[in-house]
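Mapping of the sequence shown onto our numbering: residues 10 to 587, in sequence order. Cβ coordinates follow ideal geometry from the N, Cα and C atoms, glycine included. Model, not experiment: these values are computed from the prediction.
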Amino acid sequence: MSGTARNELSPPAVAAPPAVAIPNPYDLAAVVALALAVCMFHLGSFGLWEPDEARYAEIAREMLQSGNLLVPHLNYVAYVEKPPLLYWLTTLSFWIFGVSEFAARLPVALSAVAGIIATYFFALRAFGRRHAILAAAILATTPLYALMAQVLTTDMMLTALVTIATFALYLHWREGGRWCWVAYVAMALAVMTKGPVGAALPILSMLIWLALRRELRGAIAKFHAVPGLLLVILIAAPWFVAMTIREPGFADFYFVGEHLRRVFEADYSHSEAFYFYVPVIAIGLLPWTLLVPFLTWREAARNPARSFCLVAAGVTVVAFSCASAKLIPYILPAVPPLAVLIADGLISCAWPAADSRAARRPPDSRILIESGPMLALLGAGVIVAAILAPQFRTPYVMAARHSMYAIGAILMAGGAVTLAMFLTRRTAAGLGAIVVTLALALIAGGWTRLETEPMRSYAALSRAIAEKAPDADIICYHRYVQSLPFYNRKRIVLLGGRTELDFGSRLDPDARDWFMNNDDQMFRRWERPGPIVVVLDAGDLARMKERFGDFDLIAAEGKKRAIMRRERISRRDPITLN
10 MSGTARNELS
20 PPAVAAPPAV
30 AIPNPYDLAA
40 VVALALAVCM
50 FHLGSFGLWE
60 PDEARYAEIA
70 REMLQSGNLL
80 VPHLNYVAYV
90 EKPPLLYWLT
100 TLSFWIFGVS
110 EFAARLPVAL
120 SAVAGIIATY
130 FFALRAFGRR
140 HAILAAAILA
150 TTPLYALMAQ
160 VLTTDMMLTA
170 LVTIATFALY
180 LHWREGGRWC
190 WVAYVAMALA
200 VMTKGPVGAA
210 LPILSMLIWL
220 ALRRELRGAI
230 AKFHAVPGLL
240 LVILIAAPWF
250 VAMTIREPGF
260 ADFYFVGEHL
270 RRVFEADYSH
280 SEAFYFYVPV
290 IAIGLLPWTL
300 LVPFLTWREA
310 ARNPARSFCL
320 VAAGVTVVAF
330 SCASAKLIPY
340 ILPAVPPLAV
350 LIADGLISCA
360 WPAADSRAAR
370 RPPDSRILIE
380 SGPMLALLGA
390 GVIVAAILAP
400 QFRTPYVMAA
410 RHSMYAIGAI
420 LMAGGAVTLA
430 MFLTRRTAAG
440 LGAIVVTLAL
450 ALIAGGWTRL
460 ETEPMRSYAA
470 LSRAIAEKAP
480 DADIICYHRY
490 VQSLPFYNRK
500 RIVLLGGRTE
510 LDFGSRLDPD
520 ARDWFMNNDD
530 QMFRRWERPG
540 PIVVVLDAGD
550 LARMKERFGD
560 FDLIAAEGKK
570 RAIMRRERIS
580 RRDPITLN
């Protein structure tokens with residue numbers, strides 16, 4: 010190992026604990042305000058997306074309705090693919106604010122804010138004030154992070170808890186004290202969010218980093234590993250033990266199916282190429298990733314936190330790249346340490362430390378001045394894409410066209426302001442202009458979700474059924490529409506593949522009444538007295554139109570149609586079937 014690299018990985022030479030930076034209340038208030046603006050804007054303005062958001066919201070709604078907080082239920086059968094922490098917090102949000110889209114997404118948005126604050130505190134103690142402000146701002150204005158902050162899944166909550174645990178482990182190495190206990194509690198809660206991966210990522214990151222520093226000896230005692238892992242088990246294990254005892258087959262389904270098969274079997278779920286996450290990171294962190302090639306870390310003051318963040322991000326990327334199942338949100342835990350690294354590179358260019366080689370030269374003008382034109386070019390590209398929207402195969406571009414014009418205009422204007430700030434050597438104002446520009450662009454992008462709602466949600470369809478046929482039984486033909494039970498506040502009959510309901514249906518004593526196997530069963534139910542609604546694809550409706558007889562179309566969205574027998578329709582005017 011070279012002398013430079015060895016110094017980078019060496020422990021502090023002094024025995025005294027390092028000085029601890031005190032948070033500036035105005036800085037912290039600005040970080041929180043930025044995080045809330047990006048993560049909370051339009052939070053409850055659009056319907057729950059299929060399938061994940063509607064699924065997780067319905068599980069929490071059923072918990073609130075039944076009072077059963079132990080066993081998660083989806084469409085009133087046991088659903089055990091994920092631990093319950095997100096469901097518990099969403100249930101609490103429903104209890105406080107009422108059942109709504111805003112309340113459903115609130116725990117996730119607050120988790121994203123917590124991850125931003127954790128990044129601020131880590132960078133403040135490990136680097137300094139400027140690093141802390143910029144790292145938090147970069148994380149808040151990263152499109153991938155900002156987008157997932159408003160999507161009800163387990164990934165953002167896992168990311169926030171893994172971020173807290175990972176950064177707390179480093180701070181314990183650096184400062185001692187009680188940081189390791191913060192890390193262990195966060196790991197336990199992460200396990201309760203998405204399973205063992207919540208503890209594996211922070212522990213693996215620290216172990217690899219310590220191994221590179223040749224400091225593994227004594228690590229068990231230094232980090233109080235034995236009592237710490239016992240604390241993790243004490244917090245997380247009771248739910249898994251209770252579920253194993255109560256639900257037959259849970260251990261095999263969850264630990265073997267949802268972890269071992271998902272990791273090692275290519276055809277189990279969401280298989281992608283090994284390099285899948287490389288473009289995800291490059292695009293998901295725009296425009297910050299455009300600046301990375303120009304950054305000059307080699308001339309920055311040496312800091313072991315830099316190598317730690319590199320290891321932490323690398324562990325997440327490599328671990329999920331090796332797994333067979335890949336989805337874009339899985340890579341989220343790598344984003345906070347990457348934000349710290351990008352902030353470190355920018356600060357090193359803008360304000361070289363006194364002990365760095367760059368301190369003898371003016372700030373690197375390439376990265377500072379070129380960031381403005383980059384923003385403007387990115388904005389111009391967005392506007393060009395909006396102009397060419399009709400030529401794209403995907404309908405999303407056309408639906409988001411108006412928002413794209415606004416985003417492009419904001420980026421171009423912000424790029425001009427940024428360039429002016431850097432040309433006049435107003436460095437802090439220039440970096441602030443980048444952050445404000447991206448925040449406004451992300452807020453403007455929130456309108457895109459309203460415009461594209463019909464492509465990602467069946468909320469309007471489900472609400473229409475609830476309004477026009479509140480007392481009807483609902484049959485979902487072949488594809489389970491997750492929004493139906495949430496918006497109609499009732500159990501849905503399913504005909505066809507049971508997918509994620511398969512495990513629970515096998516344990517349900519009333520499965521015969523709620524799960525159909527063929528069309529004949531559906532039509533026998535259709536002819537029974539009482540109101541019945543069938544939700545099916547337009548193609549299936551055209552194929553079976555004659556067999557349904559006289560009916561009215563009471564709701565339509567995307568490819569889905571909701572029909573009800575004419576004499577059983579309410580007095581409201583039906584939609585005309587085209």
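Among the options, nearest to residue i - alpha-carbon criterion
{"i": "Val160", "options": "Ala478, Ala260, Asp561, Val47", "result": "Val47"}
{"i": "Ser214", "options": "Tyr179, Thr168, Met201", "result": "Tyr179"}
{"i": "Leu304", "options": "Tyr339, Phe264, Gly354, Thr172", "result": "Gly354"}
{"i": "Arg423", "options": "Thr175, Pro338, Leu451", "result": "Reading off the sequence shown, one finds Gly at residue 423, where the question assumed Arg. Here the closest residue by C-alpha is Leu451."}
{"i": "Gly567", "options": "Val502, Glu462, Leu240", "result": "Glu462"}
{"i": "Phe249", "options": "Ser412, Val89, Leu504", "result": "Val89"}
{"i": "Ile31", "options": "Ala195, Tyr129, Arg533", "result": "Tyr129"}
{"i": "Ala195", "options": "Arg223, Leu153, Ile242", "result": "Ile242"}
{"i": "Glu2", "options": "Leu79, Arg64, Arg226", "result": "Nothing about residue 2 can be read from this structure; the chain reaches only from 10 to 587."}
{"i": "Met72", "options": "Glu62, Asn84, Asp61", "result": "Asn84"}
{"i": "Phe111", "options": "Asp480, Ala158, Ser75, Phe131", "result": "Ala158"}
{"i": "Leu221", "options": "Tyr496, Val320, Leu545", "result": "Val320"}
{"i": "Phe524", "options": "Ile483, Ala468, Ala551", "result": "Ile483"}
{"i": "Glu184", "options": "Phe131, Thr151, Ala169, Leu156", "result": "Phe131"}
Start-to-end residues for the alpha helix (DSSP H) that takes in residue i
{"i": "Glu476", "result": "468-477"}
{"i": "Tyr284", "result": "No alpha helix (DSSP H) holds Tyr284; DSSP gives it neither H nor E."}
{"i": "Lys569", "result": "No alpha helix (DSSP H) holds Lys569; the beta strand (DSSP E) holding it covers 569-574."}
{"i": "Val41", "result": "34-49"}
{"i": "Ala565", "result": "Run containing Ala565: none in the alpha helix (DSSP H); it sits in the beta strand (DSSP E), 560-566."}
{"i": "Asp517", "result": "Segment: none, Asp517 is in no alpha helix (DSSP H) and carries neither H nor E."}
{"i": "Leu8", "result": "Any question about residue 8 goes unanswered here, given that the chain covers just 10 to 587."}
{"i": "Phe131", "result": "110-135"}
{"i": "Gln491", "result": "Looking at the DSSP string, Gln491 is not in any alpha helix (DSSP H), and its letter there is neither H nor E."}
Buried or exposed by the 16-neighbour rule on C-beta atoms within 10 Å, applied to residue i
{"i": "Thr433", "result": "exposed"}
{"i": "Pro116", "result": "buried"}
{"i": "His487", "result": "exposed"}
{"i": "Tyr284", "result": "exposed"}
{"i": "Leu535", "result": "Note that residue 535 corresponds to Trp in the displayed sequence, not to Leu. It counts as buried."}
{"i": "Val235", "result": "exposed"}
{"i": "Gln491", "result": "buried"}
{"i": "Val86", "result": "buried"}
{"i": "Val344", "result": "buried"}
{"i": "Ile292", "result": "exposed"}
{"i": "Leu586", "result": "Legend: pLDDT at Leu586 = 41, less than 50; position of this residue unreliable, no value from coordinates given."}
{"i": "Asn526", "result": "exposed"}
{"i": "Ile229", "result": "exposed"}
{"i": "Leu239", "result": "exposed"}
Residue i to residue j span [Cα, whole Å]
{"i": "Ser330", "j": "Ile217", "result": "17 Å"}
{"i": "Leu347", "j": "Val542", "result": "50 Å"}
{"i": "Met166", "j": "Gly137", "result": "26 Å"}
{"i": "Leu420", "j": "Thr427", "result": "10 Å"}
{"i": "Arg410", "j": "Ala565", "result": "24 Å"}
{"i": "Pro540", "j": "Glu555", "result": "19 Å"}
{"i": "Val41", "j": "Ala149", "result": "10 Å"}
{"i": "Ile340", "j": "Asp559", "result": "50 Å"}
{"i": "Leu153", "j": "Val287", "result": "13 Å"}
{"i": "Ile392", "j": "Val406", "result": "11 Å"}
{"i": "Arg369", "j": "Phe264", "result": "With a pLDDT of 49 at Arg369, under the threshold of 50, the predicted position of this residue should be treated as unreliable, though the coordinate-derived value follows. Those two C-alpha atoms are separated by around 56 Å."}
{"i": "Gly186", "j": "Met201", "result": "25 Å"}
{"i": "Ile105", "j": "Pro81", "result": "20 Å"}
{"i": "Leu52", "j": "Asp529", "result": "43 Å"}
{"i": "Leu299", "j": "Met430", "result": "19 Å"}
{"i": "His140", "j": "Arg311", "result": "14 Å"}
{"i": "Asp517", "j": "Ala245", "result": "27 Å"}
{"i": "Ile416", "j": "Cys485", "result": "39 Å"}
{"i": "Met49", "j": "Ala38", "result": "16 Å"}
{"i": "Met383", "j": "Ala169", "result": "30 Å"}
{"i": "Ile4", "j": "Pro92", "result": "Nothing about residue 4 can be read from this structure; the chain reaches only from 10 to 587."}
{"i": "Ala448", "j": "Pro247", "result": "42 Å"}
Cβ distance (whole Å) where residue i is taken to contact residue j below 8 Å
{"i": "Gly237", "j": "Tyr193", "result": "4 Å"}
{"i": "Thr457", "j": "Ser412", "result": "4 Å"}
{"i": "Pro342", "j": "Thr172", "result": "7 Å"}
{"i": "Ile443", "j": "Ser380", "result": "6 Å"}
{"i": "Arg465", "j": "Glu59", "result": "6 Å"}
Limits of the beta strand (DSSP E) - the one that residue i falls within
{"i": "Leu341", "result": "Segment: none, Leu341 is in no beta strand (DSSP E) and carries neither H nor E."}
{"i": "Leu504", "result": "502-504"}
{"i": "Tyr486", "result": "482-486"}
{"i": "Asp546", "result": "541-546"}
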